[in-house]
Amino acid sequence: MRAGDAVRRLKRGPDAAPRRILSAEFRSLETVLRNGHILTFSTLLTSGLGALYWALAARSYSDDTVGRNYAAVAAMMLLAGIGQLNLTNVMIRFTPVAGHRSRRLVAVSYLAASLTTASLTVGFVLLIPVLSPGLTFLRSPLVACGFILATAGYAVFVLQDGVLTGLRRSGWVVVENLVFALVKIVLVVALAFLTITGILWSWALSVVVAVALANFLLFARFLPRRGDIVSADRTDPGGPTGRYIVADYTGAMFWLAATTSLPILVLNHLGPRQAAFFSLSWLVAFFLYHLNTSMGSSLIVEAANDPARLGTHCRLVLRHTAVLLACGVIVLCAAAPLILRIFGEGYAENGAALLRLTAVSALPNLVVVAAVSICRVRRRLRLLMVIMVTECTLATGLSYVLLRAMGITGVGVAWVVAQTVVAAALWWRRAQWLPRAHPQAAG
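In this text, residue positions in the sequence shown follow this note's numbering: the first is 1, and each later residue adds one.
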């Protein structure tokens, strides 16, 4: 056997080891991009079907109803985002290394997120007359109960994407989001006879279907296999600490507030009609932000599995995503009126400038997302909080000021300025967060 091994080594030649190193390196690079592409495709598919959903809603319901329901959905996302305790990022970061503890980690996270979200939503419904008078339709008993349960379910829906991503089951993220989007499209038309609440109920019922499907697969098939798949030899075997969760949660809450509070802000200051114009323009352009987030999530998962290549992977993600972003920005800026005309002439007239500005702001956001992802991997918690708090405070503060002076276009200006300032500062001090590339890390 030893002689045969020697002959095989001689046949391979002296370059066999370097070839194996390069092969492993290329496989690693392919994985980080492949998972990122799958998540990006899921986002693109969801955004496209989401645009179709809101186009059908705009044709089936009045502008005022669309504006109010979009604000209600934004409130649902905000409450679910707060209530899920940022455990989505914990799932992405720690599920790859949890092994046989994965099922318990996921179950405890679901329970904590759903109970916290339900409690927050009850408080929100009770305080609607004070917090958002435009959403008083949520106060009727049946709608209130549905809204509370749907918001708690949406918190689980958000978490399950993180679990699937952490398990390298990105393809199933596409499937469950496709199911969610298609069911929602069917229901928004079928429930049009509910002239005030049909949009909201279409979301609520779709959440139930998507959560049931994904968690049947998770608990029946994927999670039971983790004990056999995950190696005990890990450079980072530790789970999430309280300090990690609190710091990451604080930063994520600033981001959540900065993004999901905007439709409510517009509704309260400019009325439901302008809220509708703002919401759909923002929805279309914000796909590019989801592209950045998808590539960042892939970077985190691969870093948990192969930390030595973090610097190499990050540079690859920055270069690759920048090209995709540039193409997306060009298309959205050129076709903004045509895209928004799908929803109606009023959307094209009022929202084109906002769409263009929001798309442009996604370019500097790529640097911000890369820095935040690396901070999560390396547990650089103080820097993580500084980045998130600065970015979101600047964007929200400028949005509030410029909204009054420039209307919904002012929000786009605010986000371009905020993202550019933070990205420029991060790139100037990139030595503090961007690891050196190690092309031969596999060796």
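Beta carbons are placed, not taken as given, at the ideal position from N, Cα and C, and that holds for glycine.
Coil, strand or helix - residue i by DSSP
i, result
"Q160", "helix"
"F180", "helix"
"Q432", "helix"
"R459", "Residue 459 lies beyond the range of the chain shown here (1 to 443); nothing can be said about it."
"G344", "coil"
"I196", "coil"
"D248", "helix"
"Q419", "helix"
"A75", "helix"
"A276", "helix"
"F124", "helix"
"A437", "coil"
"F286", "coil"
"A191", "The question names Ala, but residue 191 is Leu in the sequence shown. Three-state DSSP puts L191 in coil, outside helix and strand."
"S444", "As displayed, the chain neither begins before 1 nor continues past 443, which places residue 444 out of reach and without an answer."
"A425", "helix"
Residue i to residue j span [Cα, whole Å]
i, j, result
"S132", "I148", "16 angstroms"
"A24", "V416", "In this prediction, A24 scores a pLDDT of 46, lower than 50, which makes its location untrustworthy; no coordinate-derived value is stated."
"E302", "L310", "8 angstroms"
"T40", "S47", "10 angstroms"
"F278", "A424", "27 angstroms"
"G81", "S114", "11 angstroms"
"L105", "V158", "15 angstroms"
"A57", "L394", "33 angstroms"
"L354", "W282", "7 angstroms"
"D243", "L111", "At residue 243 the sequence reads Arg, which differs from the Asp that was named. Computed Cα separation, rounded: 20 angstroms."
"V368", "V422", "7 angstroms"
"T165", "A257", "24 angstroms"
"I21", "Y289", "Unreliable placement is indicated for I21, whose pLDDT of 40 sits below 50; no coordinate value is reported for it."
"L402", "G134", "22 angstroms"
"N89", "G162", "7 angstroms"
"C145", "L280", "27 angstroms"
"N268", "C333", "28 angstroms"
"A275", "G67", "5 angstroms"
"I245", "N86", "8 angstroms"
"G412", "E349", "15 angstroms"
"G448", "P263", "Residue 448 falls outside the range modelled here, since the chain spans only 1 to 443, and no answer is possible."
"P129", "D63", "22 angstroms"
"T136", "R101", "43 angstroms"
"L299", "S60", "41 angstroms"
Closest by C-alpha distance to residue i, when choosing among the options
i, options, result
"W54", "H37, V73, A371", "V73"
"V175", "Y61, N215, C145", "N215"
"F286", "L194, I300, S361, Y347", "S361"
"W428", "R169, L167, P364", "P364"
"E70", "T358, L265, H37", "Note that residue 70 is Tyr in the sequence shown here, rather than Glu. The shortest C-alpha separation from Y70 is found at L265."
"L205", "L262, L191, H100, L218", "L191"
"L52", "N292, S170, I185, A322", "I185"
"W255", "I196, T43, V179, T293", "T293"
"L142", "V125, L167, P272, G407", "V125"
"M77", "L267, T121, T195", "T121"
"G36", "I387, V284, L291", "L291"
"T43", "G123, G198, A371, V173", "V173"
"T312", "L434, G171, T65, F219", "L434"
"Y400", "M385, A212, A326, A418", "A418"
"A107", "R430, F219, Q432, L127", "F219"
"C375", "F222, A252, A326, M406", "A252"
"S202", "V188, T195, A155", "V188"
"T116", "G410, A210, A152, A326", "A152"
"L357", "V331, L167, A371, R273", "V331"
"G171", "L127, F222, I38, G346", "I38"
"A308", "L33, R378, V207, A210", "R378"
"T65", "G198, M295, G50, A155", "G198"
"A326", "Q160, L200, L316, L366", "L366"
Span of the alpha helix (DSSP H), counted from its first residue to its last, around residue i
i, result
"I264", "262 to 270"
"Y400", "381 to 406"
"F94", "87 to 94"
"Y61", "Y61 -> no alpha helix (DSSP H), and no H or E assigned at all."
"G99", "Careful: G99 lies outside any alpha helix (DSSP H) and carries neither H nor E."
"L131", "128 to 131"
is_contact[residue i, chain B] using C-beta, thresh 8 angstroms
i, result
"R34", "Chain labels in this structure do not include chain B; a single protein chain is all it has."
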